[in-house]
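Single-structure report; data block below.
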Amino acid sequence: MATTASGFPPKDASDDQFQLTHHRLLGIPEILIDVFSNCSPSTNAALTRVCRTWSDLASDQLWSSLPSLLPLLRILLPLVLVDDALDFDLTARAPNWERFWALASRVRKLEHDDGPSGGTTELPTEPSGRISPNVIPFLLLRQSWTSKQFLLPNLQTLKWSIWWEDSFLQLSHFLSPTLRNLILYIEEPVPVDHATRNLERLALLPSMNLERLNIGTHYRIEDLDEQVALVVASFVKSQPTLSILDLSKLWSRGEVVRGFVQHEGLQCLELNLCPGTPLALLLDFAEEFSPRLRRLALHFLCDGELPTPDVVRVPFPKLEVLGVGAATAASTARAIAIGEFLASVVSEGTRLAYMPDNWVGNDAFDTTNWKRSSRAGHWVEVAAILGSAQRLQKVASEKALRAKEFQRF
1019 MATTASGFPP KDASDDQFQL THHRLLGIPE ILIDVFSNCS PSTNAALTRV
1069 CRTWSDLASD QLWSSLPSLL PLLRILLPLV LVDDALDFDL TARAPNWERF
1119 WALASRVRKL EHDDGPSGGT TELPTEPSGR ISPNVIPFLL LRQSWTSKQF
1169 LLPNLQTLKW SIWWEDSFLQ LSHFLSPTLR NLILYIEEPV PVDHATRNLE
1219 RLALLPSMNL ERLNIGTHYR IEDLDEQVAL VVASFVKSQP TLSILDLSKL
1269 WSRGEVVRGF VQHEGLQCLE LNLCPGTPLA LLLDFAEEFS PRLRRLALHF
1319 LCDGELPTPD VVRVPFPKLE VLGVGAATAA STARAIAIGE FLASVVSEGT
1369 RLAYMPDNWV GNDAFDTTNW KRSSRAGHWV EVAAILGSAQ RLQKVASEKA
1419 LRAKEFQRF
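For the sequence shown, this note's numbering assigns the number 1019 to the initial residue and increments by one for each residue that follows.
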């Protein structure tokens, strides 16, 4: 029996004709794509069976974003447990290569977690999303015979959680030229020397034209994170097109920052420098990254001496959000000093983001919810002082602009 791209039997032509004549607007692809993109996966699965017109568009939405690699692998062949990993059951039936490649070309976003909670729960005996080392070579062998260059040729976003050593090698086969967002989490079971060795290999690859890069670990030990961070800096250097860099879940030190200066398009930078960044060093970041940076988040230390506003030479003219991490402002007097200093560095529209609970695992650029926390303390005062100074700056700027216009006449 013939099937649609999603695997369901198609409706006959008379059913198509009924749908299109009864609801003519629902035959316009642009409208359907807009509607289907807001539907749940289960709804899009049902929509593929309505008519031929809908089947292809709904199937494209259904397979454009996958929560795991496993559903796509099961299109090719059933999966069975072999040595605590999922492998193809080569005895089940002939592989459905035509359908596999058709659906693989639709995937634009992939999240895969090969840890204990990863994968799907379709099988009660399935312990994780861990893929056998035999799976990718099996795909690559077929790929070489079909002249296909990439397993997922249109992939744009890849989020991969790495729990074991083979996962790094599997990940590398999904790095296509269309990839723009790469998010990697290295979990605690992966030996740090293995992680650094594989990151070094990634750094040797040609530039992937990445726009967003997010790399973090769960080692919970600063020394191990710092080893990874040094290699990550090399990988970052090989990606000059980055605009968003998030290393908030990776402890690193100041020398890592030197590798980011060459990124002229970097607009969002989130770091977790240990043991913390003296607030006065914000001037150094302004020197290196101004005027392009729009978002910056660091874990600041605010107990040191702060420069006076008259020594600030290069502010952040476009900075929209400054995340200060879980920094402590010890008193009202200190809050005033911090607020006055920040007013001389950031722009008129910059908002503060504070993380009262924990630096790791929270939104470093949340500018509103933190003010409700009982731990926000004197940072509410800092935000008020900064806001007052920014309003005065705005009034002064407008006054100067009016005076300049008046002189022209």
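Think of the CB as a built atom: it goes at the ideal place given N, C-alpha and C, for glycine as much as any other residue.
Quick caveat: nothing in here was measured; it's all calculated off a predicted structure.
Approximately 7 Å separates the beta-carbon atoms of Ile1149 and Leu1087; this is inside 8 Å, confirming the contact.
For Asn1056, the secondary structure class from DSSP, reduced to helix, strand or coil, is coil. Residue environment analysis places Phe1424 among the exposed positions, since fewer than 16 neighbouring C-beta atoms fall within 10 angstroms of its C-beta. Put simply, the backbone Cα of Asn1290 is about 11 Å away from that of Ala1382.
Exposure of Pro1224 is indicated by the presence of fewer than 16 other C-beta atoms within 10 angstroms of its C-beta. When DSSP states are grouped into helix, strand and coil, Val1398 belongs to the helix group. Following the DSSP letters along the chain, one finds Asp1131 inside the beta strand (DSSP E) bounded by residues Lys1127 to Asp1131.
Bounds of any alpha helix (DSSP H) do not take in Ala1103; it lies within the beta strand (DSSP E) bounded by Ala1103 to Phe1106.
Pairwise C-beta distances place the segment 1154–1171 out of contact with the segment 1199–1210, as fewer than three of them are shorter than 8 Å. Non-local C-beta neighbours of Glu1218 in its own chain, meaning closer than 6 Å and more than five positions away in sequence, comprise Val1249, ordered along the chain. Taking the Cα positions, Arg1126 is about 17 Å away from Cys1057. Ser1406 has its alpha-carbon roughly 21 Å from the corresponding atom of Arg1313. In this structure, Val1400 and Ser1362 do not form a Cβ contact; the two beta carbons are roughly 14 Å apart against a cut-off of 8 Å. Per DSSP, the continuous alpha helix (DSSP H) segment holding Ser1362 begins and ends at Thr1350 to Val1363.
Taking a contact to require three or more Cβ pairs closer than 8 Å, the segment 1353–1360 and the segment 1316–1333 qualify as touching. Around the beta carbon of Arg1124, 16 or more other beta carbons lie within 10 angstroms, which makes this residue buried. With fewer than 16 other beta carbons inside 10 angstroms of its own, Val1413 counts as exposed. Counting along the chain, the unbroken beta strand (DSSP E) around Ser1266 starts and ends at Ile1262 to Ser1270. Contact between Asp1107 and Leu1097 is confirmed by a C-beta separation of about 7 Å, below the 8 Å threshold. In the DSSP assignment, Cys1286 forms a beta bridge with Ile1262 and Arg1313. For the pair Phe1192 and Pro1085, the Cα-to-Cα distance works out to about 15 Å. Excluding the 5 residues flanking it on each side, Thr1214 has same chain C-beta neighbours closer than 7 Å at Gln1245, Val1246 and Val1249, in chain order. Collapsing the DSSP output to three states places Pro1089 in a helix.
Note that the C-beta distance between Ala1355 and His1396 is not below 8 Å.
Annotation for Lys1177: the continuous beta strand (DSSP E) segment containing it runs Thr1175 to Ile1180. For Ala1371, no alpha helix (DSSP H) encloses it; the enclosing beta strand (DSSP E) starts and ends at Arg1369 to Ala1371. Spanning the alpha carbons of Gly1367 and Ser1073 requires a straight line of approximately 47 Å.
Assignment of Thr1061 by DSSP, reduced to helix, strand and coil, places it in the helix class.
Here the alpha carbons of Glu1338 and Asn1387 stand approximately 17 Å from one another.
Each residue's CA atom was taken as its position, placing Pro1374 and Val1342 some 10 Å apart.
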